[in-house]
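As numbered in the UniProt record's numbering, residues 1 to 139 make up the sequence shown, in order.
Don't be surprised by glycine CBs; every beta carbon is placed ideally from N, CA and C.
What you are looking at is a predicted structure, and each value in this text was computed from that prediction instead of being measured.
As structure tokens, the structure follows; a few thoughts come after it.
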Amino acid sequence: MNAVLVPAIAAMGIGALFLVYSAYFAISSMREYRRRVTVAVEMLGALKLDAGPSWRFRVVGEGVPPRPEGKPEWIASTPRKFGDRTFTPGEIVRVDLDPGYPGFIYPPGGYPPCRMWPAVAVTAVAGLGSVLAGLLLLD
Numbered sequence: 001m002n003a004v005l006v007p008a009i010a011a012m013g014i015g016a017l018f019l020v021y022s023a024y025f026a027i028s029s030m031r032e033y034r035r036r037v038t039v040a041v042e043m044l045g046a047l048k049l050d051a052g053p054s055w056r057f058r059v060v061g062e063g064v065p066p067r068p069e070g071k072p073e074w075i076a077s078t079p080r081k082f083g084d085r086t087f088t089p090g091e092i093v094r095v096d097l098d099p100g101y102p103g104f105i106y107p108p109g110g111y112p113p114c115r116m117w118p119a120v121a122v123t124a125v126a127g128l129g130s131v132l133a134g135l136l137l138l139d
């Protein structure tokens with residue numbers, strides 16, 4: 001048995017797993033993009049976080065399923081792609097959000113098709129590199 005056969009097969013296997021994982025990330029991101037809705041929300045107030053401001057709001061428009069029993073009526077999210085825009089408590093704003101994961105809000109039409117593209121790109125490049133390294137070891 002060749003001494004590089006096992007490391008080459010391991011590198012190709014790990015690379016294949018990374019490629020499958022990047023495809024999963026991409027599909028998950030596209031599914032998230034398709035779930036997004038544009039709704040009217042009432043801004044309730046800001047939460048000061050180390051990463052920046054996060055806003056508490058409640059949905060006043062249609063389009064988002066009702067909150068489960070026992071959950072608060074408000075949601076906290078970090079605004080993205082709003083630039084220097086600030087909100088005032090009580091202001092009604094239209095935003096894009098994912099009802100399944102309302103961690104971020106975007107301006108209407110501003111929800112990215114693949115929010116996780118950096119993770120998709122890194123895992124795809126790492127997987128491809130690992131597969132190529134395994135193939136080069138076999139040569």
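{"query": "State the beta-bridge partners of residue 45 as determined by DSSP.", "result": "56"}
{"query": "Output the distance between the C-alpha atoms of residue 133 and residue 126, rounded to the nearest integer angstrom.", "result": "10 Å"}
{"query": "Excluding the five sequence neighbours on either side, which residues of its own chain have a C-beta within less than 6 Å of the C-beta of residue 11, listed in chain order?", "result": "130, 133, 134"}
{"query": "How long is the line joining the alpha carbons of residue 84 and residue 98, rounded to whole angstroms?", "result": "22 Å"}
{"query": "Just the C-alpha distance for residue 25 and residue 120, rounded to the nearest angstrom, thanks.", "result": "6 Å"}
{"query": "With a 10 Å radius around its C-beta and 16 neighbouring C-beta atoms as the bar for buried, classify residue 55 as buried or exposed.", "result": "buried"}
{"query": "Tell me whether the beta-carbon of residue 77 lies closer than 7 Å to the beta-carbon of residue 109.", "result": "no"}
{"query": "For the alpha helix (DSSP H) holding residue 112, just list the boundary residues, first then last.", "result": "Residue 112 -> no alpha helix (DSSP H), and no H or E assigned at all."}
{"query": "Just grab the DSSP bridge partners of residue 93 for me.", "result": "41"}
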